[in-house]
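Start counting the sequence shown at 485; every next residue gets the next number (this note's numbering).
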Amino acid sequence: MNATTLAPRGFSFATLASAMRYTNRDDLALIVSDRPAAGAGVFTKNRFQAAPVIVAAENLNNSDTIRAFLVNAGQANACTGDEGLADCRETLRLASSELGITPGEILPASTGVVGAKLRMDLWRTALPALVARLGQAQPTDAAKAIMTTDAFPKIAQAQLAIDGHTVRLFGMAKGAGMICPNMATMLAFVLCDAQIEASRWRDMLAHAVLASFNAVTVDGDTSTNDCVLAMANGASGVTVDSASHAALAQALTKLCQSLAAMVVEDGEGATKVMRIRVTGAKTSAQAETCARTVGHSPLVKTAMFGQDANWGRIVVAIGRSSADFDPSLVTVSLCGIPVFEKGEPVPGDLDSLLKPRMRKPEIAIDIDLAAGPGTYTLLASDLSVGYVKLNADYRS
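Now the structure itself:
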């Protein structure tokens with residue numbers, strides 16, 4: 485099934501090429517619900533929050549329902565002070581005037597270079613044209629319009645049966661660099677046509693983000709604009725109650741995990757995805773700390789890029805994490821092959837065994853700390869020459 489077939493009911497899409505930063509491509513996206521929808525959002529924890537993050541959070545705090553997402557690519561409107569906040573609010577005023585709704589019913593999101601102010605002359609020209617196109621774009625068009633350094637649009641979709649009726653979910657994301665937990669430098673948008681209380685929807689999204697977008701890393705950086713925004717509008721006629729809550733929560737989490745995996749796969753210059761699973765930690769929090777230390781290590785990441793089974797770099801990263809364990813009990817496996825057991829190297833020609841497996845696009849790193857019941861899984865990308873090249877030339 486294509487994105488049009490599975491698009492949740494009651495939502496319309498529009499895109500436009502505004503030339504704010506890019507040429508010959510759409511860089512504005514608008515998603516509108518035909519009725520008030522339960523709104524939810526999870527935002528970056530970076531202290532330098534961009535104007536759209538601040539305004540979106542304010543709008544969600546002021547109302548349980550929203551009607552639209554307004555997204556631009558190329559100008560982050562971050563670290564732009566009071567003028568940036570005023571500009572963001574003006575874009576919502578302009579859009580709301582065209583849509584016949586209130587500015588508080590729209591959640592803004594922006595991505596691009598930090599510090600650049602919005603080109604308001606282009607916004608004033610673009611918004612009437614964007615709204616006029618509402619209903620003419622497909623979900624895939626919107627996913628393409630929000631891309632920056634992404635190599636491909638990131639889309640996920642799902643459906644589930646509740647009380648004999650079908651509920652649809654659709655998600656899209658952008659992000660390839662400056663990716664780290666407490667969001668990731670990414671934008672993500674989720675649509676659902678079930679009816680659900682806003683408080684439940686918000687809790688559901690928060691839990692889904694913890695298990696998905698906050699469980700990935702590309703380069704250890706967290707940006708100013710990161711957000712996951714979600715609407716559930718009830719257009720399916722299905723109401724989510726206590727009996728069906730778990731099923732929808734599971735579907736939402738899986739949808740977000742699919743998008744998060746695409747973000748890592750598309751990490752700037754990435755050639756490998758590392759699936760780092762830590763078990764046997766004293767607590768799950770310590771397992772997470774260990775996994776993140778390994779996943780953030782430039783030495784581990786470059787070894788994976790070079791298809792070098794240098795497990796010593798993994799062990800060193802484990803050792804400098806703040807996890808508490810007995811080094812003589814630790815076991816590490818790489819691509820399913822034990823390389824370090826109970827504090828000692830595994831004998832044999834491991835390089836010959838691992839060489840063909842290291843060529844694969846996904847590399848499993850399994851770590852058993854033998855210290856307790858804690859577990860955690862992190863998806864991380866490698867670090868390549870392409871990453872350095874892209875980010876060295878990003879503004880030029």
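All C-beta atoms, glycine included, are put in the ideal place defined by N, C-alpha and C.
It should be emphasised that the depicted structure is a prediction, and the values quoted were computed from it without experimental measurement.
Alpha carbon of residue i to alpha carbon of residue j, nearest angstrom
i, j, result
"valine 598", "alanine 557", "12 Å"
"alanine 487", "alanine 524", "Residue confidence is low: alanine 487 scores 41 on pLDDT, short of 50, so the model does not pin down where it sits. Its coordinate-derived value is still stated next. Going from the Cα of alanine 487 to the Cα of alanine 524 covers about 22 Å."
"histidine 780", "glycine 619", "42 Å"
"glycine 648", "methionine 758", "39 Å"
"methionine 670", "glutamate 825", "38 Å"
"alanine 801", "valine 537", "34 Å"
"aspartate 518", "lysine 756", "41 Å"
"leucine 606", "leucine 578", "12 Å"
"alanine 719", "glutamine 622", "18 Å"
"leucine 500", "cysteine 774", "44 Å"
"threonine 650", "glutamine 641", "13 Å"
Residue burial classification, residue i (beta-carbon count within 10 angstroms, cutoff 16)
i, result
"threonine 815", "buried"
"proline 845", "exposed"
"serine 883", "Only positions 485 to 880 of the chain appear in this structure, which leaves residue 883 out of reach."
"lysine 638", "buried"
"phenylalanine 532", "exposed"
"aspartate 677", "buried"
"valine 869", "exposed"
"phenylalanine 527", "buried"
"glutamate 589", "buried"
"lysine 658", "buried"
"alanine 668", "Only weak support exists for where alanine 668 lies, its pLDDT of 46 falling under 50; the value from the coordinates is given anyway. Label assigned to alanine 668: buried."
"methionine 662", "With a pLDDT of 46 at methionine 662, under the threshold of 50, the modelled position of that residue is not reliable, and no figure is offered here."
"arginine 843", "exposed"
Cβ-based neighbour list, residue i, same chain, cut-off 7 Å, excluding 5 preceding and 5 following
i, result
"arginine 841", "Cys819"
"leucine 867", "Pro782, Lys785, Thr786, Phe789"
"lysine 766", "Asp808, Ala855, Gly856, Gly858"
Limits of the unbroken alpha helix (DSSP H) element including residue i
i, result
"phenylalanine 789", "782-789"
"leucine 813", "Element bounds for leucine 813: n/a, residue is neither H nor E."
"threonine 650", "Premise fails: threonine 650 lies in the beta strand (DSSP E), 649-658, not in any alpha helix (DSSP H)."
"asparagine 556", "Note, asparagine 556: premise wrong, no alpha helix (DSSP H); beta strand (DSSP E) at 549-559."
Contact set for residue i: own chain, Cβ-Cβ below 8 Å, skip 5 residues either direction
i, result
"glycine 803", "Pro811"
"glutamine 559", "Met504, Arg505, Ser594, Gly596, Val597, Ala600, Lys601, Leu602, Arg603"
"isoleucine 585", "Arg551, Ala552"
"isoleucine 646", "Ala678, Val722, Val724, Ser728, Ala731, Leu732"
Closest Cα partner of residue i within the set the options
i, options, result
"aspartate 735", "Phe497, Asp634, Arg652, Leu576", "Going by the sequence as given, residue 735 is alanine instead of aspartate. The shortest Cα separation from alanine 735 among Phe497, Asp634, Arg652, Leu576 belongs to Arg652."
"aspartate 510", "Ala678, Ala692, Ala629", "Ala629"
"asparagine 794", "Ser836, Arg776, Gln770", "Ser836"
"phenylalanine 697", "Arg617, Ala491, Leu739, Thr708", "Leu739"
"arginine 493", "Leu689, Gln643, Pro592", "Gln643"
"phenylalanine 495", "Asp750, Thr861, Gly655", "Gly655"
"arginine 776", "Leu614, Ile760, Ala498", "Ile760"
Delimiting residues of the beta strand (DSSP E) encompassing residue i
i, result
"threonine 595", "590-597"
"lysine 638", "638-646"
"glutamate 681", "Per DSSP, glutamate 681 belongs to no beta strand (DSSP E) and is neither H nor E."
"arginine 617", "Taken as a continuous stretch (DSSP letters only), arginine 617 belongs to no beta strand (DSSP E), as it is neither H nor E."
"serine 865", "858-865"
Cβ-heavy atom distance, residue i to the ligand NAP, below 7 Å
i, result
"valine 674", "Summarising the ligand content, the structure contains no ligands, and the ligand NAP is consequently not present."
Neighbourhood of residue i by C-beta, 6 Å cutoff - its chain only, sequence neighbours within 5 removed
i, result
"alanine 744", "Ser696, Phe697, Val700"
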